[in-house]
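Right, one structure below, let's go through it.
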Amino acid sequence: MNWNSLLPLLIVLSALVPGLIIFCLDESRRTLRTTLNICGALTTLVLIGIMVSGVYQGDLVETRLPLLPDMDIVLHADALSLLFVSLSGLLWLVTTVYAIGYLEDSPNRSRFFGFFSFCVSATLGIALAGNLITFLIFYELLTLTTYPLVVHRGTAKSLRAGRIYLLYTMIGGALLLGGVVWLKSLAGALDFTANGMLADLPHLERGQLQIIFALLIAGLGVKAALVPLHGWLPVAMAAPAPVSALLHAVAVVKAGAFGIVRVVYDVYGIDFARELNVTPVLAAIAAVTIVYGSLRALFQDDLKKRLAYSTVSQVSYIALGTAIAGPVATIGGIVHLVHQGLMKITLFFGAGNLAETLGIHKVSEMDGVGRRMPWTMVAFTLAALGMIGMPPVAGFVSKWYLGVGAMEADAFWVILVLAASSLLNAAYFLPLLFRAWFKPQRGTWPAERRFGAWETHWMLLLPPLITMLVALGVGVFAGGFASPLTWTTLIAAREYGLGALPAVTPGLLQVPLLWAAILAPLLLAAALAFPRLRRRCWYWAPWTALPALAAAVWSSEGQNLLPWLFFGSIVELDSVGRVFLLLAAVLWLTAALYAREYLRDDPQKERFFLFFLLAMGGNFGLILSLDAFGFITFFTLMSLAAYGLVVHTGTREALRAGKTYMQWVIIGEVLLFAGFTWLAYSAGSSEIRALAAAPHNDWIFGLLIAGFGIKAGLLSMHVWLPRAHPVAPIPASAVLSGVMVKAGLLGWLRFMSDGDAAAATAIDWGTVLLWLGLGGAVLAVLAGVVQRNPKTLLAYSTISQMGIIAAGFGAGLLRPELWPLLVPALLVYALHHGLAKGALFFSVGLTAQLAAPQRRWLWVAVALPALALAGLPFTSGALAKVALKTAVADLAVLTAVLPVTAIGTALLMIRFMDLLRQGVAEQKAPGAVGGFLLLPFMMLLLPLAGAAFLLPEAQVFLPALTVPSTLWTAVWPAAVGVAVYLVCRALLQKTAPLPAGDIIVPVEAALLYWRRWWRRPARPAPALGGYRQLQQQFARLATAGADRSDGPSLPLQVYWSNPGLVFIVVLFALLAVTFS
Amino acid sequence: MTQDLFYSICGIALFGIGLYGLLIPPHILQKILAVNVMGTGVFMVLIATAQSRAPAIDPVPHAMVLTGIVVAVAGTALALSLVCRIYALSDDTEQDAGR
Amino acid sequence: MPIDMTIDFTLGAGVLVLAWLSLSTTNLFKAIVLFISLGLLVTITWARLGAVDVAIAEAAIGAGLTGALLLAAWRRLRTVPGNTRRKAGDNHVS
Amino acid sequence: MSGLSLPALLPWLVGLPLLAAAASFAGQRWVAGRWLNAVGAAAQLALAVLVLWLLAAGDSGLGQRYTLGGWGAPLGIDLYIDGFAGLMIAITAALGFVLSLYSCSYFTEPDQAARFWPLWWLLMVALNAVFLAADAFNIYVTLEILGLAAVALVALQGGRPALQAALRYLLVGLLGSLCYLLGVALLYRAYGTLDLAQLGQLVHAAPLSWAALGLITVGLLLKTALLPLHFWLPPAHANAPAPVSAALSALVVKASFYLLARFWLETLSAATTAQGLQVLGVLGAAAVLVGSIQAIRAQRLKLIVAYSTVAQLGYLFLLFPLFGRPSDTAGLGGAVVDAVAYFIIAHACAKAAMFLAAGNIQRAAGHDDISRLHGIARRQPLSLFAFAIAGASLIGLPPSGGFVAKWLLLNAAIDAGQWWWLITVIAGGLLAAVYVFRVLNLAFTDSAEQPPAAEAQPVLPRLLPLGAFALAIITVLLGFNALWVLEVLDIGVPPLQLAADGEAL
Amino acid sequence: MFRELNSNAAPPAGLRIVCALAIVGLTLALIAAVVVSGPAAPGLQAAVAAALPHSGVENPVTAVLLNFRSYDTLLEIAVLFVVAVATLPLRRAVAPQRTEAVAVEPVLAALVKLLVPLVVLTGGYLLWVGAYAPGGAFQAGALLAGAGVLLSLAGGFSLAALPARPLLVVGLVVFTAVAAAVGAITGAFLQYPVAAAGVLILVIEAAATVSIAATLLLLYGNLAEPVPSGPLAGTKEPAS
């Protein structure tokens, strides 16, 4: 028995032996038991490490013990088993530490840790099983050893849970046994072979094989919690937290999923399974489970039950990944095995901490818990975001690969399912985070326990942080050397017999300045998290924008490539990027300076700057990154951080605006995610230039336009903008309107500006965009003019300007040959608008701050940006308008409408100045030192005047500026605007202001009415018991929603209860269609 | 109707009567009697078989019957001692004779 | 019908009748006495069938000793102290 | 090893325990006498292992035959041993050894011990004699010893329910033996010989042989307690002292099954009909289901284990339908017999462990009513753990011998094409899970609301839980290497050495 | 089928009839099988006759019992031993103290004084004649037991006085010892050397007679002599 053949056995024993010893220890021997536990976990990890290196050098690591004449117990280490073994080993160590802390002084711990070690040894056995019978042996052993853990507490509830758990798993085990025996009698030895053992046994009878497949999957489905068989999982929540953490994240559920992977790939072989057309059925069941699990999670008020249903849905991703035939989907499925484990265990640790330290079990009790236990909640938040699929956490990676894989197997409905489940995940995770961070603490905690300096016992705090860091690392360094993703690619290559999948070539770090620009704000934000540093760091916030400014002005165009970051991230400064970076740097710098003064005495200023800096980092990253993963990561970071800015003031109005903002952000995210995966599939790589060049079909165009349109405030998707911008503090509004909105334009330019890419589309997206832009521009003016609050007016002005830019871009789509002239025009226009809008927002702040005498000469300063925006000659506005007019000279409809928009803008500007003059802007405490506010304002005016002209792109339009005819075209619209305003000024005073967010308001009213109708006492029960129960759920939630109506609980969640039902019907219809 | 056939039939009849006696009558002593009667029936069949070749008596069944008788008496003795111990216990614990 | 067949018939019939009587009677003592007489008749049958060893053994053990044991047991059951229900005399079964 | 040939050892397998019985009866005076018995049991185990090793080492692939008294088959009596018999003897010796050790510390009163040990050794004599027997009438006598010794052991502790159960067991035993004897008498009348091997050659389908087969089968079914005739087993096994009920459930009922298998599949196989085999199978399946249901409903711990025996015996009877009409294999070979033999061994160890554990719990708590046994885990952790492991083997969960047996049985069922037995086996496993885990819940019901009784709980001697645990460990080990056991099973029945005078009538 | 063992209520009439019919049917079937199968097959008398000269005794039954199928007899004595051990406690529990003297009937006493020596003599004769004519260990043993019973009935003699332990076990020990010794000599367990067969059989028969008599007397003794009321001495009353 040389070393290699002994290793797997040693690993399984290294978990078993400590268990046996611990069993014999009596209760009082705490230290011995702890050391034994930890040593056992460590030795296992070391052995796994040795085995991994062994397998890497390619030698065969296998233990073979004779059991029956024609069958023996085989423990074989191949790539797939190593992945699961290392996951189990790592998480076992972490969970042991957690369990020791958690069960500090509870009774019969020897028994607990004994069975705990047995359970892990069973899991390791399952991972290393080399043939189906060994798998079955350890699978049943797992049932036996986890039962005592579930009933550990001995209360009536846990016994009931144990009974139900046993009922399900026993039946599952029986089915599996039946299947395995039947298969053995048909196919003889059941060793796992690379691409399926049954493939090369042609004579087997198909009907029987299908029934056997059904039996095997049913048996495994119980543990993998596929829909009809998932009943035990939520009930098993009665177990103590470490048990549910281990059970649901690592051992039981993963064993089921791992089993399904083994059966589909190593017993049947993926193509043979497809030939039997059993995999589509599995895919359908998995899809239904995903949606059903998420839906049920929506209605659970008990935290652990919600996490349990989330597990039900998440594990089915793995089943879905395996069922869709294709190497990329396989990678997605298998890598999710690891990622889901890491994220879910963090969530359970978090839940356990809350229960153990504060006695919180219900979601409704979680208000303000972020403040009380910041570090636990940080881990919880990151894991939750990962579960939703937000980059850069691990969840995104697997969803990305699943999406692309689905495209590859052209199973379009899978994308739909992924998108839907991401939305549902958001619907049931975000309220948790919202309550934790943004809602004040209600009353005292149910059962609070103090643990000295730390928020909770160090053994309870360390594990979630470790697993969170690993989850983050796995996500961020997905392309890295030893990441699970690389390992799974190796597995998929083996399964499909392909050569190694295209590895990313390493590059060197050419321009360090670019990374400095991105990382500076992020690092400072991280520093803000530490209470001691917090008091001093917020003051340095503005200087973090300097690296970006330097990069924009001086750095040469260059690219640096980090293969190990994300999927191989590319950071580059090209001509388009430079302009945006310049605009962003200037605005973030001035806004930071302004904010420093503006929020000097605001108690929450550290929190404001935390989100401010995160948004800044996200913005710079967004502009510079040229790989899809990086782009969407920073895009998400910026959007989420902006939420913090919007709800900063904490008023009811701010929270309601924040909610709308978040809803639309998430919809945007999902649309972009769908678009990108589709594009990545057709491009074959995740590099943006390749994506841009890849042929776009209608779906991709529609998704990208809508996704970026939401950010750019395109008509019908702009509703969140007029609500969010005004409620934010001035510097935040400036940045929101000035820079963040431009991200939408940047997205369009990056992804859709390539001419021939649009060839494959049936719909003429150019005209659509054109008319949407122009419509937006005109209607926004009408809506803005009647506003009372100047900031809302400015918001509508932004929508109008962005409408013009969108129209310009639409023109480009119509006539690709215009691009060389049109891009610089759009850039100049964007730059001009950003700077002007920033200045205007600052001016609103200034008017409120400055004492009466200084206000008089302020009008001169305010007039400059307002007139520039209106396009007065010799101002950057004129330059921008001229540039645009020359670029689209031959598009009659555009040239006709431009002057009208000019008039509109002028009208808005006059109205704005009038409102300012009436001093209706919200009064700030007078006497604040205005001086320091002036400095940033002045700093903004300079570039507004000078920069526009110095831009290389602007040079080509300069000569046109001085031609008399352009002068006239710049002046008459302003004049007409002023005249119109003077005429109907009286009328405007009287008209009631249109509520912000115009067209969304009636929609919300309709939804509220539907909700009240739904909550009427239920009608006499229809015959369908199941439907009755589902309706009960909705009704109970609706009432629960009502009492939380004081806090703006996500209507998205409440409304979803009804459309959710509709959605299921649609989904079934769709499935029926695909399979008919 | 040879002699051994007749006696075999009588033996089997005795076995039947014994079986009836074992199953129906209520009192335990009668059951023990029934067992002995059945035994006698089986022995009659054996002895009849031994005697089937009239002049040449086959000694093996005789030996079997001898052993059978001793075993029967052993069984009966054990049964009776158990019955007595039950009665000894039952009378000072419960009064009714039934238990 | 040769002379010996009549003997066999009478012996056979006697054995069967005695067996039936012994088991169907309700009076225990009568049953035991009938059983002992059955034992004696069987001894004669064995002798008739030429199995002398067996006849002696049956007489000594089958009829003699088993009868003694049964009678002793019956006496024990009848006179167990404190058993009010049992009337003296026949221990008949109600 | 010329001197030490296998046949020479066979009589000693019976002789040794006989002498031990006499010695233990005579030597009751010495207090330390009990531990001598343990030494005797060890000697017996050594002998059995030696026999098995010699049997396995034999290259002829066939067992050995031994003529007692040198007179040869029809006239004298022979002993013979094949794979199946060898294994049964080995398991009897092994369990005998462990149970003897257990009994040394279980029976503390001198009077009870004095009566226990001789009866225990006689039980061993009977068991070995049954497994070695090759003569029909000899089997009758061994069955009698087995029956009477078992009854005496059940009645050992003299409680009222025990005595009544013993009496009922005795009557059933006597009825069974007499039916069997009548069957043998009819066979002797029809074929004139008593030796099983000769009968095997002579028997042909005739009304008399059907009648004989019917009687023998009813007799043995009564003794092995198959479903309709099982009413006597639960009270008997539940009320007997722990080591006795362990021996009864694990070995005694198996002996009569072993004989039934020999008669049906070997000796009287010519007279058997396919429908008869199916009926036995169906009765077995019914036993599994009804036994399990009754076990689920039972309230007393030992009663549950007893009903579980009735259920598990049902599995054994699946041998008959699956074995089907006997081909000319060299006796009882074939996959089905492997499965059933392995089942017997696994069940023997598991059931013995369970009864010992139940006995410990009863002695520690003073009663064995489940509803009042909360917090027993704290006082008897090792026993409950042994009960759990043995339970896992009964259910057929992997690391145990039960799983391998169930696996072999399922395989045999599918190979024989009668897949419906599959459902019975799996359903039986699930039902077993219900009643085993019903007991295991005791381990987790914390006894907070019922503080342990004030008076000191009787502290059990250390050996008792260890005995149960040792057997449980054997069950688990059986789960790991079935190879060796299955090889021994394939050793066939030795050919018939005709009597010296050569002619068989 | 089995009523509550000793409940006095007779089984309901319906069941009795059904049972009776079933049993009658079974018996008739067996009888039919025997009748149909015709004459019995020739037994083993030829083989016994052939081997009788080497068996060391003339009486074929004794030859079969103690030579050809001596293993059966050995196990049979073991059966007796089992029952003896099973019913032993009653005997020892009663132990020495003599219950009140049983009224001695003069007539019976006189008869016993005459009969017992005669019975013992015939017992001895029966034992010896076993080798040549019908007789043998079991019959002799039973006869001696009969004598014992007579004595006990007569009241003059208490069975408790018998030294139970050695007497019971002597038969078994002697038989096994001889079997083993003989096995060592002639190579097969229980195979007597032809010359010494007769003597050995007689020795075994003597020992067997003694232990059979003792056992039977013991069985009768514990039933006949009144047992002190109350639970058996020595049996702990665990609610088993």
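Chains as they are written, first to last, in this note's numbering: chain U, 1 to 1076; chain B, 10001 to 10099; chain W, 20001 to 20094; chain A, 30001 to 30505; chain G, 40001 to 40240.
All C-beta atoms in this analysis are idealised placements derived from N, C-alpha and C, irrespective of residue type, glycine included.
Considering only C-alpha positions, which residue in the set the options is nearest to residue i?
| i | options | result |
| --- | --- | --- |
| U:L988 | U:I1000, U:P973, U:P1002 and U:L907 | U:L907 |
| A:V30336 | A:F30343, A:A30348 and A:F30323 | A:F30323 |
| U:V646 | U:L721, U:W699, U:L582 and U:S716 | U:L721 |
| U:F113 | U:F135, U:A41 and U:L637 | U:A41 |
| U:R371 | U:V888, U:L354 and U:L83 | U:L354 |
What three-state label does DSSP hand residue i in the structure shown?
| i | result |
| --- | --- |
| U:S753 | coil |
| U:V571 | strand |
| U:K439 | coil |
| G:S40055 | helix |
| A:A30133 | strand |
Strictly below 7 Å CB to CB, what residues from chain A border residue i?
| i | result |
| --- | --- |
| B:F10015 | L30182 |
Under 7 Å Cβ-Cβ, which residues of chain G neighbour residue i?
| i | result |
| --- | --- |
| W:V20052 | P40134 |
Just to make sure I have the definition right: I need the residues of chain B whose C-beta is within less than 7 Å of the C-beta of residue i. Which are they?
| i | result |
| --- | --- |
| G:L40287 | No answer is possible for residue 40287 of chain G: it lies beyond the span of chain G, which begins at 40001 and ends at 40240. |
| W:V20015 | C10010 and L10014 |
Residue i versus chain W: which residues are under 7 Å apart at the beta carbon?
| i | result |
| --- | --- |
| B:T10076 | T20066 and L20069 |
Name, please, each residue of chain W whose Cβ falls closer than 9 Å to the Cβ of residue i.
| i | result |
| --- | --- |
| B:I10047 | T20045, W20046, L20049, G20050, A20051 and V20054 |
Using the beta-carbon of each residue, which ones in chain A are nearer than 8 Å to residue i?
| i | result |
| --- | --- |
| U:L68 | V30404, W30407, L30408, A30482, L30483 and L30486 |
What residues of chain U sit near residue i, judged by a beta carbon separation below 7 Å?
| i | result |
| --- | --- |
| A:G30429 | A174 |
4-residue-minimum alpha helix (DSSP H) runs that sit fully inside the segment 30298-30379 of chain A, ordered along the chain | Taking only runs of at least 4 residues, the alpha helix (DSSP H) segments lying wholly in the segment 30298-30379 of chain A are 30301-30316, 30319-30323, 30335-30365 and 30376-30379.
Cβ contact check for the segment 40063-40080 of chain G and the segment 10050-10064 of chain B: 3 or more pairs under 8 Å | Contact holds: three or more Cβ-Cβ distances are below 8 Å.
Entirely enclosed alpha helix (DSSP H) segments - the segment 264-292 of chain U, minimum 4 residues = Within the segment 264-292 of chain U, the complete alpha helix (DSSP H) segments at least 4 residues long are 270-275, listed from N- to C-terminus.
Enumerate, from N- to C-terminal direction, the unbroken alpha helix (DSSP H) stretches of 4 or more residues contained entirely within the segment 64-130 of chain U.
-> DSSP runs (the alpha helix (DSSP H)) wholly in the segment 64-130 of chain U: 79-102 and 109-128.
Do the segment 10026-10041 of chain B and the segment 10079-10088 of chain B meet, that is, are 3 or more Cβ pairs less than 8 Å apart?
-> Yes, the segment 10026-10041 of chain B touches the segment 10079-10088 of chain B.
Going along the chain, which unbroken runs of the alpha helix (DSSP H) with 4 or more residues stay wholly within the segment 30041-30116 of chain A?
-> Contiguous alpha helix (DSSP H) elements confined to the segment 30041-30116 of chain A occur at 30083-30106, taking only those with 4 or more residues.
Assess, as a yes-or-no matter, whether the segment 268-285 of chain U is touched by the segment 295-303 of chain U under the definition of 3 or more beta carbon pairs within less than 8 Å.
-> Too few Cβ pairs lie closer than 8 Å, so no.
Length-filtered (4 minimum) alpha helix (DSSP H) runs lying within the segment 40143-40199 of chain G = Those alpha helix (DSSP H) runs which fall completely within the segment 40143-40199 of chain G and span 4+ residues are 40164-40186.
Unbroken stretches of the alpha helix (DSSP H), 4 residues or longer, contained in the segment 637-711 of chain U | The alpha helix (DSSP H) runs lying completely inside the segment 637-711 of chain U and spanning 4 residues or more are 652-683 and 688-693, given in chain order.
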